[in-house]
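If you read the protein sequences in the order shown, they are chains A, B, C and D.
Numbered per full-length UniProt numbering, the first sequence spans residues 1 to 128.
Numbered per full-length UniProt numbering, the second sequence spans residues 1 to 128.
Numbered per full-length UniProt numbering, the third sequence spans residues 1 to 128.
Numbered per full-length UniProt numbering, the fourth sequence spans residues 1 to 128.
Worksheet: one structure, shown below.
Number of protein chains: 4
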Amino acid sequence: MVEFRVDRGGGLPAYLQLVQQAREALRLGWLRPGDKLPTVREVVATSGVNPNTVLKAYRELEFAGLVEARQGAGTFVKAALGSVEPEVMAELREQLGDWVRTARTAGLEDEDIHALVGVVLTGENNNG
Amino acid sequence: MVEFRVDRGGGLPAYLQLVQQAREALRLGWLRPGDKLPTVREVVATSGVNPNTVLKAYRELEFAGLVEARQGAGTFVKAALGSVEPEVMAELREQLGDWVRTARTAGLEDEDIHALVGVVLTGENNNG
Amino acid sequence: MVEFRVDRGGGLPAYLQLVQQAREALRLGWLRPGDKLPTVREVVATSGVNPNTVLKAYRELEFAGLVEARQGAGTFVKAALGSVEPEVMAELREQLGDWVRTARTAGLEDEDIHALVGVVLTGENNNG
Amino acid sequence: MVEFRVDRGGGLPAYLQLVQQAREALRLGWLRPGDKLPTVREVVATSGVNPNTVLKAYRELEFAGLVEARQGAGTFVKAALGSVEPEVMAELREQLGDWVRTARTAGLEDEDIHALVGVVLTGENNNG
DNA sequence: GTGGTCTAGACCACC
DNA sequence: GTGGTCTAGACCACT
Chain A
1 MVEFRVDRGG
11 GLPAYLQLVQ
21 QAREALRLGW
31 LRPGDKLPTV
41 REVVATSGVN
51 PNTVLKAYRE
61 LEFAGLVEAR
71 QGAGTFVKAA
81 LGSVEPEVMA
91 ELREQLGDWV
101 RTARTAGLED
111 EDIHALVGVV
121 LTGENNNG
Chain B
1 MVEFRVDRGG
11 GLPAYLQLVQ
21 QAREALRLGW
31 LRPGDKLPTV
41 REVVATSGVN
51 PNTVLKAYRE
61 LEFAGLVEAR
71 QGAGTFVKAA
81 LGSVEPEVMA
91 ELREQLGDWV
101 RTARTAGLED
111 EDIHALVGVV
121 LTGENNNG
Chain C
1 MVEFRVDRGG
11 GLPAYLQLVQ
21 QAREALRLGW
31 LRPGDKLPTV
41 REVVATSGVN
51 PNTVLKAYRE
61 LEFAGLVEAR
71 QGAGTFVKAA
81 LGSVEPEVMA
91 ELREQLGDWV
101 RTARTAGLED
111 EDIHALVGVV
121 LTGENNNG
Chain D
1 MVEFRVDRGG
11 GLPAYLQLVQ
21 QAREALRLGW
31 LRPGDKLPTV
41 REVVATSGVN
51 PNTVLKAYRE
61 LEFAGLVEAR
71 QGAGTFVKAA
81 LGSVEPEVMA
91 ELREQLGDWV
101 RTARTAGLED
111 EDIHALVGVV
121 LTGENNNG
C-alpha cells in the first residue's frame with residue numbers, strides 16, 4: 001500500500017504533494033490498475049492534513065483519468081502511467097544507483113544531483 | 001549571466017521557481033560568489049512576472065544568506081553552494097547523460113526519470 | 001492578546017515596527033510559545049496598515065523562527081526570547097521606574113533617556 | 001569629533017541613522033553649539049555611504065534648525081538639544097550603569113533592556 | 001475565515 | 001537606474 005507524506009512549510013501546496021506522489025507511484029509501477037489508494041481517513045492519519053485536502057487531491061487524480069472513486073468502496077487506480085517492464089526498471093535503477101554512489105563520493109549532495117538531472121534532461125548546455 | 005524562466009500554470013508559485021533556479025545555478029557553479037544576479041527589471045522582462053514576485057524571491061535568497069542586495073547596485077552572490085570541481089562535474093554529467101539515453105530508449109519519460117531519481121536518492125525500497 | 005500600533009511618518013517602515021513590537025512582546029514575556037498572534041485582519045483593523053504589510057512582518061518573524069503560520073488557523077509563537085522570571089522582571093522594572101522619575105525631574109526627555117541607555121549599553125565613553 | 005557609523009542591512013535607512021546619531025550626540029551634549037560636524041567626505045570615508053546620503057542627512061538636520069551649513073567652511077551645530085548639566089548627566093549615567101549591571105546579571109540582554117525602557121517610558125502596564 | 005500568492009502601480013532610498 | 005516599501009485588491013490553499 002502506498003503511503004503519502006506531506007511536508008508543510010516548503011511552500012508547496014499539500015494537495016499538490018499528494019497528487020505528485022500518486023503520479024510518482026504510478027510512474028514507478030508501485031500503483032497498478034485496480035490497486036486501491038489509501039482511504040481519505042488513512043491519509044489524514046498518516047500525513048496530518050485536512051480531509052478536504054485529500055479529497056481535492058483525489059478529485060484532481062480522478063479528473064486526470066488516473067483513478068476512479070467507487071462510492072462506499074474507495075478510490076482505485078484506473079490507468080497506468082508508463083509501461084516499462086519491471087525487470088527493465090530494476091536494471092535502470094541499479095545503474096542509476098551506481099552513478100548516484102559515484103556522484104555522492106565526489107561530494108554532490110542530493111540537491112546537486114536533482115539539479116544536474118534537471119539540466120541533463122532539458123539538454124541545457126552551460127559547459128561554455 | 002543566469003537567465004530565469006517562469007512556468008505559470010504548474011501550480012508552483014512563481015517566486016519559488018525563481019528561488020529554486022537560483023539555488024540550482026549556485027549548485028552547479030553557474031553562479032559564483034561575487035556574481036551579479038539579473039536585476040529585478042531584467043527578470044521581469046525575461047520572465048513576465050511582477051517585480052514584487054522577483055523581489056520576494058531575492059529576499060528569500062537573502063534570508064538564506066546566499067545573496068546580498070546592495071541598494072542602487074544590484075543583487076550579488078554571497079555564498080557558494082557545493083564546491084565540486086568543474087571537471088568532476090562534467091564527468092558526472094557525461095555519465096548521467098549516458099544513463100538518461102539508455103532510460104529513454106527503454107521508454108522512460110522525463111517524469112519517470114525524475115521519479116526514479118527521487119526514489120534512488122531517498123533509498124526507498126519498494127521492490128519487495 | 002498583544003495589540004500592534006503603527007506610527008506612520010517616522011520614516012521607520014511599518015512592517016519593521018510590527019516586527020520590533022512582536023520581538024519586544026516576546027522579550028518581555030507578553031507573548032509565550034503557543035500564543036496566537038492577532039490575525040492579519042485584526043492587525044489591519046487596529047493599525048490601519050495594508051494586509052500585505054502585516055504578512056511581510058509575520059513572514060519575517062517566521063524566517064527568524066519565532067512564530068509559525070498555520071494555514072487557516074493563525075500565526076502562533078514558536079520560540080521564546082529571553083527567559084527571565086516575571087518577578088525578577090517586575091523588580092527590575094520598578095527600579096528602572098525610579099531612575100526614570102529621577103531623570104525626568106532632572107530635565108531629561110524621553111529621547112534623552114533612550115540615547116543615554118543606548119550609550120550605557122554600548123559602553124561608549126565620551127566623558128573625556 | 002563625533003563619528004558616524006552606518007549599519008546596512010537592518011532595514012533602517014542610512015540617512016536616518018545619521019540623523020538619529022546626530023540628534024543623540026546633541027542630546028547627550030557630545031555636540032554643542034558651534035561645534036563642527038564631520039565633513040561629508042569624512043563621513044563617507046568612515047561609514048561607507050554615498051555622499052548624497054550624507055548630504056540628505058545634513059539637510060534634514062539643517063531643516064530642523066539644529067545645524068547650519070556654511071559654504072566652504074563646513075556644517076556647524078546651531079542649537080542645543082536638552083540642557084542638563086554635565087554633572088547631573090554623569091550622575092544619572094552612573095546610576096543607570098548600576099541598574100544595567102543588575103539587569104544583565106539577571107539575564108537580560110541589551111534588546112530586553114531597550115524593550116523594558118521603552119515600556120517604562122510609555123507607561124504601559126501589562127502587569128495584569 | 002485563516003494565511004499565501006500575485007498583480008499593478010506609486011513612491012522612496014540609494015548609487 | 002538600482003533595490004525597497006507600501007497599497008489596493010483579486011484569487012487560492014487550507015481549517
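Glycine included, each C-beta is placed from N, C-alpha and C at the ideal position.
All figures in this text were calculated on a predicted structure; none of them were measured in a lab.
Among the options, nearest to residue i - alpha-carbon criterion
i        : options                             : result
B/Gly82  : B/Ala25, B/Ala69, B/Ala14           : B/Ala25
B/Gln17  : B/Thr39, B/His114, B/Met1, B/Lys56  : B/Lys56
B/Val84  : A/Thr75, A/Glu109, A/Gly74, A/Leu96 : A/Glu109
D/Val88  : C/Arg104, C/Ala73, C/Ala90          : C/Arg104
D/Arg8   : D/Thr53, D/Thr39, D/Glu91, D/Val77  : D/Thr53
B/Asp112 : A/Ala80, A/Glu111, A/Gly123         : A/Ala80
D/Gly72  : D/Gly123, D/Val40, D/Gly11          : D/Val40
D/Pro51  : D/Glu91, D/Gly10, D/Tyr15           : D/Tyr15
B/Pro13  : B/Val49, B/Asp35, B/Arg27           : B/Val49
B/Glu91  : A/Glu91, A/Ala106, A/Pro86          : A/Ala106
A/Pro86  : A/Arg27, A/His114, A/Gly123         : A/Arg27
D/Ala45  : D/Gly10, D/Val6, D/Phe63            : D/Val6
Nonlocal neighbours in the same chain, by C-beta distance under 7 Å from residue i, ignoring five residues either side
i        : result
A/Leu61  : Val19, Ala22, Val67
D/Asn125 : Because D/Asn125 sits at a pLDDT of 49, beneath the cut-off of 50, its placement in the model cannot be relied upon, and the point is left open.
D/Met1   : Pro38
D/Gly65  : Lys78, Ala79
DSSP three-state assignment for residue i, whether helix, strand or coil
i                      : result
B/Val84                : coil
A/Asn125               : Unreliable placement is indicated for A/Asn125, whose pLDDT of 49 sits below 50; no coordinate value is reported for it.
D/Glu94                : helix
D/Leu108               : coil
B/Gly118               : helix
residue 132 of chain A : Past the boundaries of the shown model lies residue 132 of chain A; chain A is included only from 1 to 128, so the question cannot be answered.
D/Arg101               : helix
B/Asp7                 : coil
Proximal residues to residue i (C-beta, below 6 Å), its chain only, five neighbours per side dropped
i                      : result
A/Thr75                : Leu37, Tyr58, Val67, Ala69
A/Thr4                 : Checking the sequence shown, residue 4 of chain A turns out to be Phe, not Thr. Taken in chain order, the residues that qualify are Leu18, Gln21, Val43, Ser47.
A/Gly11                : none
C/Asp35                : Val77
residue 140 of chain B : This structure cannot speak to residue 140 of chain B, because chain B is shown only from 1 to 128.
Residue i beta carbon near the ligand SAH (any heavy atom closer than 7 Å)
i       : result
B/Leu81 : Summarising the ligand content, the structure contains no ligands, and the ligand SAH is consequently not present.
Own chain, CB closer than 8 Å to residue i, minus 5 neighbours either side, in chain order
i        : result
D/Gly128 : Reliability of the predicted coordinates at D/Gly128 is poor, the pLDDT of 37 falling under 50, and the value obtained from them is presented with this limitation in mind. None.
What ranges does the beta strand (DSSP E) occupy inside the UniProt domain "HTH gntR-type" (12-80) of chain B, keeping only unbroken runs of at least 3 residues that lie completely in it?
67-70, 74-77
Three or more C-beta pairs closer than 8 Å, one from the segment 29-38 of chain C and one from the segment 114-123 of chain B: is that the case here?
no
Any contact of the segment 94-113 of chain C with the segment 87-96 of chain D, i.e. 3+ C-beta pairs under 8 Å?
Flag = yes, the segment 94-113 of chain C and the segment 87-96 of chain D touch.
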